[in-house]
Structures are given as structure tokens and as C-alpha cells.
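*Asks:* Dumping the structure here so I can ask a few things about it.
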Amino acid sequence: MIVVTGATGKLGQRVVEGLLQRVPATDLAVVVRHPDKAQAWAARGVHVRKADYSQPETLDAAFSQGDTVLFISSSEVGQRRKQHQAVVDAATKAGVKLLAYTSILHADTSGVILAGEHWYTELAIRKSGLPFVFLRHGWYLENYTDNAGPTLAQGVLRGCAKDGRVAPALRQDYADAAIAVLTGTGHENQVYELAGDTGFTLAELAAELSRHSGKSVAYDDLPAKDFSAALVKAGLPKPYADVLADADDGIARGDLNDTGRALSRLIGRPTVSLAEALRAALAPH
Ligand SMILES: NC(=O)c1ccc[n+]([C@@H]2O[C@H](COP(=O)([O-])OP(=O)(O)OC[C@H]3O[C@@H](n4cnc5c(N)ncnc54)[C@H](OP(=O)(O)O)[C@@H]3O)[C@@H](O)[C@H]2O)c1
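Here numbering that gives the first Met the number 0 is used: the first residue of the sequence shown is 0, the next is one more, and so on.
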């Protein structure tokens with residue numbers, strides 16, 4: 000059985016839909032905290048297992064011996080050490096065949112705040128003795144394309160990444176990599192640094208936005224605290240704004256860049272470029 004946790008999230012949905020094209024629905028199980036969100040899959044024959052990362056006792060029935068598991072990290076930043084330890088413990092108790100975990104790019108060396116919980120989880124998985132795969136995700140390209148409209152309206156892209164390069168990829172590309180690992184062979188105990196094929200600076204992103212829209216967009220590089228304050232002014236909660244400013248600091252250091260092209264090798268095609276993603280995001284609907 001292939002099991003996907005966090006299946007009803009944006010990444011998980013793409014993984015499950017891709018798997019449904021490759022394996023029988025009855026060979027798939029999703030671990031979700033809200034089974035109502037998985038009703039359409041249940042109707043197709045997918046097994047739905049209800050569990051919450053924050054309630055360890057609910058995880059007892061989440062996994063079975065011999066399962067091949069994609070463990071999608073929790074989105075509850077700050078809670079993840081405890082939550083993820085509970086998932087690892089449940090997978091260990093069940094005796095799963097493979098535990099593939101969605102970590103962060105360069106989890107072992109990255110200085111971004113978000114990396115701490117991922118590194119903790121990788122160590123917990125290694126300690127469990129389970130066969131593992133670490134799918135170390137770079138930044139999601141949607142972090143930029145989802146904001147293209149407001150950025151264009153303002154004519155300015157703010158950040159604090161200086162001239163650092165970031166190599167993001169679309170969720171769909173990361174999902175396809177997970178599918179390749181879950182349905183392929185020879186991935187045991189591999190660590191994949193997954194990123195887009197071609198990185199860019201935020202000034203280059205602003206130039207690309209200008210090129211696609213015909214509107215002038217400038218990159219305004221701010222001190223980190225000023226960037227965070229600008230995000231708060233735009234309506235983001237302070238802790239989230241601080242995490243984004245910290246990620247830009249990481250981009251300045253190169254923490255969210257990688258040139259190894261492991262992602263395109265895993266998916267057997269180039270990753271979707273910034274230009275292609277912007278074209279799709281800015282196309283009239
Ligand atoms: N690298 C990046 O740029 C980047 C960007 C965005 C997100 N991420 C991270 O990548 C992962 C997947 O991203 P995504 O876009 O799919 O995020 P998402 O849409 O927020 O999905 C998160 C999934 O985790 C589930 N979840 C959260 N807390 C849970 C809990 N206590 N117990 C069980 N399930 C729980 C959610 O369940 P519900 O469906 O019930 O809410 C959802 O299915 C997340 O860890 C996210 O933080 C990375």
C-alpha cells in the first residue's frame with residue numbers, strides 16, 4: 000500500500016491525483032485529519048485513514064506493516080518537532096517499508112529558521128532505523144507567482160535577499176518527484192536536494208515580471224526588519240512576516256539555491272521555469 004499523509008493539502012492533492020493515474024485506487028491510502036475532504040477519493044476506492052499529527056493515539060491506525068509512506072510535513076510551524084516525532088514513532092511501530100519525508104533544501108546546513116524542525120525530523124527518522132528518502136524541497140515557485148498580481152499593482156517587489164539566488168520549483172514538480180520515488184525502486188536511504196533547474200535573484204524576478212506584464216516593476220531591497228514591517232503593514236501576522244524575512248536572509252546566503260538538478264533527473268524532464276510559471280499565472284482566466 001502507498002500511503003500519503005497531508006494528502007488534502009496543496010502538495011498532497013497533486014501527489015494523490017498523480018498516483019491515481021499510475022496505481023489502482025485500492026492500493027492507495029490517505030492519512031487526513033478531515034475525512035470529509037477526502038470523500039471523492041474514498042468514492043474511487045482510496046482508503047481513508049483519519050489521524051492528526053497532534054494526537055499520537057490517532058496515528059496508531061495510520062500505517063501498516065510494509066506500507067510505502069510519503070510523510071508530508073505539517074504546516075503548523077513551531078509544532079512540528081512533537082508532531083513529526085509522533086508520526087515517525089507510529090511509522091516505526093507499524094514497520095513501514097519506506098518513509099519518504101518532505102524536508103527542506105540543505106536541511107543539514109541551512110540557516111533558515113524553518114530548517115530547524117526539518118533537520119530534527121530527519122535525525123528522528125534516521126534514528127528510527129526505517130528505510131527513508133529525504134525529499135529536500137526548495138522554495139515553492141508559487142510563493143512568487145501567487146503574489147504576481149499585487150506586486151504588479153504596486154510596481155515594486157520588496158525583499159531582503161540582496162543579490163542572492165533562489166531556485167524554486169512548482170509544487171507539481173515536487174509532487175512528480177515524490178510519485179517517482181513512491182512508485183520507483185532504488186531510492187532507499189537517498190537524500191535528494193530538490194530545486195528548480197535555473198535560479199534567479201529577486202531583481203531578475205522583478206525584471207521577468209516587467210517583461211511579462213509590460214508594466215515596470217522595480218526590486219526594492221530592504222533591511223530584514225523593514226521588509227518584515229512592510230509585510231506586517233500589508234496584513235501578514237508578525238511571526239509569518241519574520242519567517243519570510245528570515246527566508247530572504249537565507250536566499251542572500253544561498254541556502255535556498257541548488258544547481259545539482261536532482262529534481263529534473265527524478266521527474267525525467269526540465270522543471271517548469273519562472274517564465275513559464277509567470278505566463279500561466281498572469282494569463283487571463
Ligand atoms: N518550500 C516552500 O516554499 C513551502 C511553501 C509552502 C508550504 N511548504 C510546506 O510544505 C508542506 C506541504 O505544503 P502544502 O502547500 O501542501 O501545504 P498545505 O496546503 O498547507 O498542506 C498541509 C497539509 O498538512 C496537513 N496538516 C497540517 N497540520 C496537520 C495535523 N496536525 N495533522 C495532520 N495533518 C495536518 C493539512 O491538513 P488539512 O488539509 O486538514 O488542513 C494539509 O493536508 C507543508 O509542510 C508546508 O508548510 C513549503
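Glycine included, C-beta positions come from ideal geometry on N, C-alpha and C.
#1: Measure the alpha-carbon distance for A85 versus E56 and round it to whole angstroms.
#2: May I have a chain-ordered list of the alpha helix (DSSP H) segments no shorter than 4 residues that lie completely inside the segment 101-189?
#3: Say the cut is 7 Å; is the CB of I71 nearer than that to a heavy atom of ligand 1?
#4: Please state if the CB of G110 and the CB of D254 are separated by a distance shorter than 8 Å.
#5: I'd like to confirm something about N146: is its beta-carbon nearer than 7 Å to some heavy atom of ligand 1, or not?
#6: Please indicate yes or no: does the CB of W118 lie closer than 7 Å to some heavy atom of ligand 1?
#7: Tell me the DSSP bridge mates of F70?
#8: Applying the 10 Å Cβ sphere with the 16-neighbour rule, what's the burial state of T108?
#9: Please confirm whether L140 and L273 have their CB atoms less than 8 Å apart.
#10: Could you tell me the alpha carbon to alpha carbon distance between A251 and N142, rounded to whole angstroms?
#11: Quick one: Cα of K286 to Cα of R260, how far?
#12: Please look up how many angstroms separate the CB atoms of H83 and S72, rounded, as I've assumed it's under 8 Å.
#13: Nearest to G267 by alpha carbon, out of T91, V155, A179 and V22?
#14: If you compare alpha carbons, which of R164, L204, L134 and V30 is closest to E275?
#15: Would the segment 90-106 and the segment 123-141 be scored as touching if the rule is three or more Cβ pairs under 8 Å?
#16: At the level of alpha carbons, what is the spacing between V30 and Y173?
#17: Contact between the segment 178-192 and the segment 156-163: three or more CB pairs below 8 Å?
*Replies:* Quick answer:
#1: Position 86 of the sequence shown holds residue 85. Position 57 of the sequence shown holds residue 56. So the two alpha carbons sit approximately 9 Å from each other.
#2: Restricted to the segment 101-189, the alpha helix (DSSP H) segments that are unbroken, complete and at least 4 residues in length are 114-127, 141-144, 147-153 and 170-182, listed in chain order.
#3: The sequence position of residue 71 within the sequence shown is 72, counting from 1. It does: the Cβ of I71 is within 7 Å (strictly closer) of some heavy atom of ligand 1.
#4: Residue numbering aside, residue 254 sits at position 255 when the sequence shown is read from its first letter. Residue numbering aside, residue 110 sits at position 111 when the sequence shown is read from its first letter. Cβ atoms of D254 and G110: closer than 8 Å.
#5: Here residue 146 refers to the residue found at position 147 when the sequence shown is read from its first residue. Taking 7 Å as the cut-off, one finds no heavy atom of ligand 1 near enough to the beta carbon of N146.
#6: As a working mapping, residue 118 is identified with position 119 in the sequence shown. Answer for W118: no, Cβ out of range of ligand 1.
#7: Translated into the one-based positions of the sequence shown, residue 70 becomes position 71. Its beta-bridge partners are Y100.
#8: Sequence index remark: in the sequence shown, residue 108 carries index 109 (1-based). Exposed.
#9: Here residue 140 refers to the residue found at position 141 when the sequence shown is read from its first residue. Here residue 273 refers to the residue found at position 274 when the sequence shown is read from its first residue. Against a cut-off of 8 Å, the Cβ pair of L273 and L140 comes out as a contact.
#10: As a working note, residue 251 is residue 252 in the sequence shown. As a working note, residue 142 is residue 143 in the sequence shown. Approximately 17 Å between the Cα atoms of the pair.
#11: The structure shown does not extend to residue 286, since the chain is modelled only from 0 through 284, so no value can be given for it.
#12: Taking the first residue of the sequence shown as 1, we reach residue 83 at position 84. Taking the first residue of the sequence shown as 1, we reach residue 72 at position 73. Confirmed, about 7 Å.
#13: Taking the first residue of the sequence shown as 1, we reach residue 267 at position 268. When only C-alpha atoms are compared, the closest one is A179.
#14: Numbered from its first residue, the sequence shown carries residue 275 at position 276. The option with the nearest alpha carbon to E275 is L204.
#15: Touching, yes.
#16: Taking the first residue of the sequence shown as position 1, residue 30 is located at position 31. Taking the first residue of the sequence shown as position 1, residue 173 is located at position 174. Taking the straight line from one Cα to the other gives about 19 Å.
#17: no
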